[in-house]
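Engineer: Got a structure for you, written out below as C-alpha cells; questions coming shortly.
Protein chains: 2
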Amino acid sequence: MQTATGIKRVRADGKSARVTIAHLAAETGLTKGTVSRALNGYPDIAEGTRARVERVAARLGYRPMAQAQAIRTGRAKALGLVMQVSEHDGHSPFLTDFLAGVTTAAGSQGWTLTVATAPTGEGMRDVLHSLVEDRKADGFILQRTLRQDPRIEYLRDMQVPFVLYGRCEDLTGISYYDIRGGAAMRAGVRRLIDMGHRDIAFVTSGCEYNYTHLRTEGFLAAMAEAGLAPTDVVWDVRDHAGGVRATRDLLAREVPPTAIVYVIDQAALGGYRAIEEAGLTVGADVSVMAYDGIPEGAYASPPLTTWKVDTRAAGAALARMLIERIKGEAEPEALRWLADATLHIGGSDGPPARTSAHLRQKMNNQKGGTT
Amino acid sequence: MQTATGIKRVRADGKSARVTIAHLAAETGLTKGTVSRALNGYPDIAEGTRARVERVAARLGYRPMAQAQAIRTGRAKALGLVMQVSEHDGHSPFLTDFLAGVTTAAGSQGWTLTVATAPTGEGMRDVLHSLVEDRKADGFILQRTLRQDPRIEYLRDMQVPFVLYGRCEDLTGISYYDIRGGAAMRAGVRRLIDMGHRDIAFVTSGCEYNYTHLRTEGFLAAMAEAGLAPTDVVWDVRDHAGGVRATRDLLAREVPPTAIVYVIDQAALGGYRAIEEAGLTVGADVSVMAYDGIPEGAYASPPLTTWKVDTRAAGAALARMLIERIKGEAEPEALRWLADATLHIGGSDGPPARTSAHLRQKMNNQKGGTT
DNA sequence: GTGCTTGCCGAAACCGGTTTCGGAAACAAC
DNA sequence: GTTGTTTCCGAAACCGGTTTCGGCAAGCAC
C-alpha cells in the first residue's frame, strides 16, 4: 500500500480510489482509531498530534465517507424534506430558492438534502417512516405547515428531530423559522388607513394553513387599532380564479371596499381582473395589496404592491437550525426565528380616488351605460 | 438475543432497534453471509432456502440499511439532482411535479433522491464532484439542459451515470427523456395555417437551451411545408417582460402577424398585454399559442391555447432510466424516450378576423383616435 | 524510591452489511 | 467402491469508519 511516492491513490483497475482513514493512518504513523479520534476532537489526543493529522488530511484531500460513519454513529448527515403533493397546489414558485438555501447551507457543513414527496394522509406516514428507518434522513424540514399537521404529530411520536418553515397551533417543543406575516399585514393595512382608506376588505387563503390565520389577525389588529369595523373578510380563496370570484362579490356589495388586501399574490392578480371588469382602475379606484412577491406581480399592470419574503434565507436558516437540532446542541425552544417580510411598493395601492359610495355610483352608472 | 417470542426488537434504552441481518440469521439458523446471498439472488443458494429467508425477512420487516450496503458495494441507492441556480430563472413552476415523479418512482424501488443546487460555472463542478466523492448519489438527473452543457462533459469524464431531461447537441452515449417540442410546434403552426393564418411570427426563448432550437425547427418546418416565408423569428425572449417587448415590436412592423407562437407561456402572457395595449383582441385579431401549460395560462382571458407537458411522468421515467443506467443493465443509447405534449385549446387562437393589412390599418386608426 | 494520577495512544471490537473461499454432503460416473 | 462433480452453506475477511478498553510513560506527591 505504501509506496515511495506516498500512498497509492489509483487502483489496479484504473479507477481512482478515495483516500480512506487507513491512508491517513499509514501516512501519519498512527492507527485508524487515533486518527479518527483526532479528527473528531476527542480530548485524549495531544494537540500537536491533532494538528498534524489535520494537516495530512487536508494535504491528501481526505473526506470521510458519510455512509461508513453512519453505520456506527447512526447519523447519515442528511436532512430530509418531505413535500405534500395535494391537488390544488401547482404553484410553488419559491421552491427553487428554498432548495438553494437549504442545500447550500447544509452543503457547507457537509450535509446533504434528501427530498421525498408524499400524498396526504396515510401515505405520508409511510414515506416519513421509511426515510427514518433507512436512515436516509436524520431530521426533517416541514414547509407549508398546517395548523394541525399530521407530520408534526408523527415526528414527535417517533422522536425524530424536525424544524418548521412556518408555525402551527401547538408550539411546545417545536423549532421553527417563520415570517412575521401578521406584522406585515398589520403594517400594510395601517399604510392603507393612513392613505385615507376606511373600507378595507381582506381576502384570505386556505384555512388549514397557519399563515392564513396569522395574517388575518394582523389585519384585524390594524383595523381595531384604527377603530374601524372589519366587515369584509372573505375566507378560503386559494388561487387566481378564487381571487376573481371573491373580488366580484366584494365589489357587488352595497358598500364596496376602496382597498382590498389579499393573503396571497395569486388571489390579488385575480382581483385585478375583477376590478377591471367592473370598469374600475387598480390603484386609484381600488387599492390592492398582497403578500408573497411572486414574479408575476412585478409584471402586472400596475405592478403589485406586495410583501416579499426572502425564501432562500429561510431555507438556509432552517438547514442550520435542523443540523443543530440533530446534533442535540440546543433545546427546541431555543431554535426559533422570526424574520420580516419587506414591502415592495408597486402602483397597485394609493390614496382612494373616491369614497366607497362614489365607487358604488360609478359602477352603477357604467352598468347602465353598457347595457 | 433470541427470546421465546422471537427476536428482541427493543433495546434496553427503549429505542426501537432496527431488524438487522444478524436477526434474520438467528431466526433462520443460517449465517449472515448466507442470508445476504439469499436476499441478493446469488446462484449458490437453494431455492427453498431463499424462499424461507425471504418469508422471514418479510415477517420481521427487515430493511437492509442502505448505508451499510454502500460501504461495500459502493452504491448508495440515491439519485442526484443538481439544479442550476441562475439569476434569470425565478420560474420553475413544475419543479414540484417533477420532484414528485422522481421521488415516487425512485422510492418504489427503494431509492431516494439527493438534491443539490449549484451556481453556474466552476462551483457546479465542485458540487457534482463532492456528491460523487461522498457517494451521496450514484448518478444524476440533469434538467434544463443546455445545448452544450458543462455538467454533461464533466460527468462523462468522471464516468458517472446520468440521464437528461431534454437533449443536447452531441448525443453520443447519452440517455435522455424529452418531449417532442418540435413536433408540437409544427402541429400547432399547422393548425394556425389551416385556420387561415399566413403571417405567423415565432418568439423563442434562451438560445443556450436546447429546447429553444428544437421548437424553432418545428415552426420552420411547418412554414416550409406550407410554402410560407417565416419572416418573423424573435430570439431570446425569456420572460413575461420580454414577451411584452417582443410583441410590441412585432405589432409595430409594416406587416404585423395575425398569429404569434411563443416558445414559453410566460412570454405569451406578456404578449397578451402588448396586444391589448394595441387595441387588439387576443384570439380574434391576433392568435396566440404557446408551450408549457403553466396554471396562469388557464386563468388568463382568454385562456391560453398551449402545449401541456406531463412533468410528473417525465420525472418518473427519468428516475427509472437512471436506476437502470446505474445498475449497468442497459446501454445508454437504449435508454431514450420521447413523449408528446398535448394541446390544450383555450380561446387565444382562432381564424384571423382580419388580414395583416387590415390589422395595420386598425392599429393606425386607433393611434390616431387616441392621440 | 514508591505509589498514584494523568496524558496519550495502540489494539481490538464493533457497526451492518457483502464477498471470497473452502469444504461437507449429495450425486453421478466408472 | 472409488473418484470426480455439483450443490449448498459456513467461516472469515472485508468495507471505512467509530468507540471502548487497557497500558505505557511521564509527572506529581509523599
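Chains as they are written, first to last, in my numbering: chain L, 1 to 371; chain C, 1001 to 1371.
Beta carbons are placed, not taken as given, at the ideal position from N, Cα and C, and that holds for glycine.
Remember, predicted model here, so these are calculated numbers, not experimental data.
Look at the Cβ atom of G218/L, then the Cβ atom of M185/L, and state whether they are nearer than 8 Å.
Structural biologist: Yes; because the gap between Cβ atoms is below 8 Å, this pair is in contact.
Engineer: Any idea what DSSP makes of S1287/C, helix, strand or coil?
Structural biologist: Strand, per DSSP.
Engineer: Is the stretch 1345-1358 of chain C close to the stretch 1135-1152 of chain C, with three or more CB pairs under 8 Å?
Structural biologist: No, because fewer than three Cβ pairs between the stretch 1345-1358 of chain C and the stretch 1135-1152 of chain C fall closer than 8 Å, the two stretches do not touch.
Engineer: Is Y272/L helix, strand or coil when you go by DSSP?
Structural biologist: Three-state DSSP puts Y272/L in a helix.
Engineer: Looking only at C-alpha atoms, which of A1300/C, Q1366/C, P1119/C and L1318/C sits nearest to A241/L?
Structural biologist: Out of A1300/C, Q1366/C, P1119/C and L1318/C, A1300/C has the C-alpha closest to the C-alpha of A241/L.
Engineer: Fully enclosed by the stretch 1038-1074 of chain C, which alpha helix (DSSP H) runs are 4 residues long or longer?
Structural biologist: Runs of the alpha helix (DSSP H) inside the stretch 1038-1074 of chain C: 1047-1060 and 1066-1073.
Engineer: Between the C-alpha atoms of I264/L and A246/L, what's the straight-line distance to the nearest angstrom?
Structural biologist: Answer to the nearest angstrom: the Cα atoms are 13 Å apart.
Engineer: Could you tell me if H358/L is buried or exposed, where buried requires 16 or more neighbouring beta carbons within 10 angstroms of its beta carbon?
Structural biologist: Label assigned to H358/L: exposed.
Engineer: Could you give the first and the last residue of the continuous alpha helix (DSSP H) run that contains V261/L?
Structural biologist: Where V261/L is concerned, there is no enclosing alpha helix (DSSP H), although the beta strand (DSSP E) it sits in stretches over A259 to Y262.
Engineer: Tell me the rounded alpha-carbon separation between G1090/C and F1098/C.
Structural biologist: Unreliable placement is indicated for G1090/C, whose pLDDT of 48 sits below 50; the coordinate value is still reported in the next sentence. For G1090/C and F1098/C, the distance between alpha carbons rounds to 16 Å.
Engineer: Between D1134/C and chain L, is there a C-beta pair that is closer than 8 Å?
Structural biologist: For D1134/C, the answer is yes, since a Cβ of chain L falls inside 8 Å of its Cβ.
Engineer: Flag this pair as touching only if the stretch 1320-1334 of chain C and the stretch 1204-1217 of chain C have three or more C-beta atom pairs under 8 Å; answer yes or no.
Structural biologist: These segments do not touch.
Engineer: If I'm right that G1101/C touches A1341/C with Cβ under 8 Å, what's the distance once you round it to whole angstroms?
Structural biologist: About 16 Å separates the two Cβ atoms, so there is no contact after all.
Engineer: Chain C beta carbons: is any one of them nearer than 8 Å to that of L343/L?
Structural biologist: False, the Cβ-Cβ gap to chain C never drops below 8 Å.
Engineer: Indicate whether at least one CB of chain C lies closer than 8 Å to the CB of A330/L.
Structural biologist: It does not; no Cβ of chain C falls within 8 Å.
Engineer: So V82/L and V127/L are in contact, right, with Cβ under 8 Å, and what is the actual spacing, rounded?
Structural biologist: Right, the Cβ-Cβ distance comes to about 6 Å (below 8 Å), so this counts as a contact.
Engineer: Can you have a look at I275/L and say buried or exposed, based on whether 16 or more other CB atoms are within 10 angstroms of its CB?
Structural biologist: By the 10 Å Cβ count, I275/L comes out buried.
Engineer: Please confirm whether T73/L has its beta-carbon closer than 8 Å to some beta-carbon of chain C.
Structural biologist: By this cut-off, T73/L is not an interface position.
Engineer: Figure out for me which residue from Y1154/C, S1108/C, R1072/C and T1306/C has the closest Cα to the Cα of I1323/C.
Structural biologist: That would be S1108/C, whose Cα lies nearest to the Cα of I1323/C.
Engineer: Just confirm the distance between the C-beta atoms of W307/L and L343/L, as a whole number of angstroms; I'd bet it's less than 8 Å.
Structural biologist: At roughly 6 Å, the Cβ-Cβ gap stays under 8 Å, so W307/L and L343/L are in contact.
Engineer: Give me the residue from S348/L, Y262/L and Y291/L with the minimum Cα distance to P302/L.
Structural biologist: Looking at the Cα atoms, S348/L is the closest of the given residues.
Engineer: If you measure beta-carbon to beta-carbon, which residues of the stretch 46-79 of chain L are closer than 8 Å to chain C?
Structural biologist: Residues R63, M65, A66, Q67, A68, A70, I71, A76 and A78.
Engineer: Suppose contacts are defined by Cβ-Cβ distances below 8 Å. Is E1208/C in contact with R1147/C by that definition?
Structural biologist: Yes. Within cutoff.
Engineer: Pull up the CB-CB distance for Y262/L and A290/L, whole angstroms please, since I reckon it's below 8 Å.
Structural biologist: About 4 Å separates the two Cβ atoms, so the contact holds.
Engineer: Grab the span of the beta strand (DSSP E) containing T1306/C for me, first residue to last.
Structural biologist: Looking at the DSSP string, the run of the beta strand (DSSP E) that includes T1306/C is T1305 to K1308.
Engineer: Using C-beta distances below 7 Å, list every residue in its chain close to I260/L, excluding the 5 sequence neighbours before and after it, in chain order.
Structural biologist: Counting only Cβ-Cβ distances below 7 Å, and skipping sequence neighbours, we find A201, V203, T247, L250, G271, V286 and V288.
Engineer: Just the Cα atoms here: how many angstroms apart are K367/L and A278/L?
Structural biologist: So the two alpha carbons sit approximately 8 Å from each other.
Engineer: Between R1320/C and the rest of its own chain, which residues show a CB-CB distance below 7 Å, the 5 nearest in sequence each way excluded?
Structural biologist: Once the five neighbours on either side are set aside, the close Cβ partners of R1320/C are A1105.
Engineer: Classify H1129/C: buried if its beta carbon has 16 or more other beta carbons within 10 angstroms, exposed otherwise.
Structural biologist: Exposed: under 16 other Cβ atoms inside 10 Å.
Engineer: What is the DSSP secondary structure of L1131/C, reduced to helix, strand or coil?
Structural biologist: In this structure, L1131/C counts as helix in the three-state DSSP scheme.
Engineer: G1080/C bridges to which residues according to DSSP?
Structural biologist: Looking at the DSSP assignment, G1080/C forms a beta bridge with T1114/C and F1140/C.
Engineer: Between the stretch 281-306 of chain L and chain C, which residues of the former have a C-beta closer than 8 Å to a C-beta of the latter?
Structural biologist: Here the close residues are P295, E296, Y299 and S301.
Engineer: Taking only beta-carbon atoms, is V1085/C less than 8 Å away from chain L?
Structural biologist: Output row for V1085/C: interface = yes.
Engineer: Can you list the residues of chain C that G107/L reaches, using a CB-CB cut of under 8 Å?
Structural biologist: Within chain C, the residues near G107/L are A1116, V1127 and S1130.
Engineer: Quick one: grab the DSSP three-state call for S175/L.
Structural biologist: Residue state, collapsed to three classes: strand.
Engineer: If distances are taken between C-alpha atoms only, which option among V1160/C, E1047/C and E1027/C comes closest to G1384/C?
Structural biologist: Since the displayed chain C opens at 1001 and closes at 1371, residue 1384/C lies outside it and no answer follows.
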